[in-house]
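Down below is the structure, laid out as structure tokens.
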Amino acid sequence: MEEKHYQVDLTNKTIVLIYMLYFGDMVSISPFLEVLRREAKGSRIILVMDARFQESVKYNPNVDEIIPFDRHGKEKGMAATWKLGKKIGKLHPDILLTLHGTTRSTLLALAMGPKHWGGEEGTRIDSFFMDWPMTIETYNSHAVDKYLKVLERLGVKDLHHSGMRTFTSPEWDRKARAFYESRGIQPGDRLAGFSVGSSTAEKNWPAEKYGQVADHFAKKGLIPVFFGVPSEIPLIEKAVSAMESKRYIVAAGKLSMGEFMAAAGRCSLAFTNDSGPMYVFDSRGVPTIAMFGPSNAKFHHPLGPCSKALSSWDMPMGPEHVNKTIASGNYTPISEITTEEVIAAGEEALTKSEKMK
């Protein structure tokens with residue numbers, strides 16, 4: 010069924026966005042935020058988001074205010090959710106857009122009482138209160154495009170954007186430089202970034218294969234840098250154990266989210282699974298080779314001109330959830346992607362990026 014379109018004046022308004030997903034998701038809405046800022050002249054844009062990932066958009070110039078929500082901690086319950094909604098209501102929102110509908114987004118919306126409410130329904134009762142209900146997850150477009158279509162349905166004609174982008178601060182940049190300097194990195198050194206983990210083991214390309222790829226590019230003069238959180242260090246240890254070269258850096262657990270974003274931009278090439286770091290490398294203009302298994306590369310691939318997704322199978326477009334796909338077992342394991350394929354993609358990306366300079 011064709012989605013209904015509206016004509017909404019976005020200018021000179023207080024606009025509240027509710028979007029409480031994960032690190033990579035926050036990067037994927039950066040084109041949406043860019044277009045919204047351009048179209049909503051004179052408006053104040055407020056983003057309600059998961060407190061754990063606020064550094065991902067802290068310095069995004071297209072957001073005026075971030076309201077962090079500790080949904081897994083002290084604000085986990087319904088009472089705390091209602092209280093926050095009431096607090097936001099005191100800002101007198103003209104427009105509320107829920108980009109990912111949940112029971113929590115419904116509670117927040119009902120508590121804040123915006124003049125107008127659009128976006129994705131969180132519960133069946135939302136349709137009785139929403140002015141512009143939409144189906145955002147249509148399973149026929151990239152994650153970036155599905156949010157841009159929200160603006161299109163609100164009457165926005167010009168959807169051009171600069172791609173996924175992340176923004177850092179001078180302090181994050183300084184700390185990233187200091188980290189590299191402490192590991193002996195010189196200004197002319199070329200780095201290859203690696204993120205070997207993800208949200209679930211089935212999405213992880215084998216760590217030993219990452220090590221083989223890292224070794225190949227180390228022998229070509231690039232210095233491998235392994236990023237991640239402390240829990241991913243065992244995977245990194247497996248990766249480096251497969252290397253002959255001993256020139257590499259383990260950055261896992263050494264950088265904050267913002268410092269990682271700054272450090273990622275220093276890389277000449279990156280290799281990742283389907284994860285938040287994939288979008289970060291891509292958003293920093295780094296040629297990114299991303300491996301996909303049970304998640305759909307057609308919906309989530311990096312967008313950079315030198316980036317590429319490698320999938321273990323031709324997953325059809327349509328309703329999907331990675332956890333359900335994993336539970337069903339109806340997919341080709343990510344380990345089927347060969348080391349040779351990944352190295353070839355990396356070589357191609359490096360060559361292409363050099364030609365574009």
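Each residue of the sequence shown is one higher than the one before, counting from 10 in the numbering used here.
Note that beta-carbon positions come from the ideal geometry of N, C-alpha and C, so glycine has one too.
_Determine whether the beta carbon atoms of isoleucine 346 and serine 316 lie at a separation below 8 Å._
no
*asked:* To the nearest angstrom, how far is the alpha carbon of threonine 297 from that of phenylalanine 235?
replied: 14 Å
*Residue range of the alpha helix (DSSP H) that leucine 116 falls in?*
First-last of the alpha helix (DSSP H) with leucine 116: 112-121.
*Is there contact between the segment 239-252 and the segment 209-216, where contact requires at least three CB pairs shorter than 8 Å?*
The segment 209-216 and the segment 239-252 touch, with three or more beta-carbon pairs separated by less than 8 Å.
*asked:* Contact between the segment 78-91 and the segment 49-56 is defined here as three or more beta-carbon pairs at a separation below 8 Å; is this criterion met?
replied: no
*So, is glutamate 363 buried or exposed, given that buried needs 16 or more other C-beta atoms within 10 angstroms?*
exposed
*Per-residue DSSP class, three states only, for alanine 299*: Correct three-state label for alanine 299: strand.
*Straight-line CA distance for phenylalanine 176 to asparagine 69?*
6 Å
*asked:* Let me confirm a value: isoleucine 343 is counted as buried when at least 16 other C-beta atoms fall within 10 Å, else exposed. Which label applies?
replied: buried
_Tell me the DSSP secondary structure of glycine 128 in three-state form._
strand
*asked:* At 4 residues or longer, what runs of the alpha helix (DSSP H) sit wholly inside the segment 157-234?
replied: 179-191, 216-228
*Just the C-alpha distance for tryptophan 141 and tyrosine 15, rounded to the nearest angstrom, thanks.*
7 Å
*Pull up the distance between the alpha-carbon of proline 123 and that of leucine 160, whole angstroms please.*
18 Å
*At which residues does the beta strand (DSSP E) containing phenylalanine 280 begin and terminate?*
Counting along the chain, the beta strand (DSSP E) containing phenylalanine 280 begins and ends at 278-282.
_Checking 8 Å against the spacing of the C-beta atoms, do alanine 261 and leucine 231 come in under that value?_
no
*Are there 16 or more other CB atoms within 10 angstroms of the CB of serine 265, so buried, or fewer, so exposed?*
exposed
*Mapping DSSP to helix, strand and coil, what is phenylalanine 236?*
strand
*Cβ pair count under 8 Å reaching 3, the segment 30-37 against the segment 277-287*: yes
*Among Ala353, Ala227, Glu43, Glu180, the one whose alpha carbon lies nearest that of leucine 168*: Glu43
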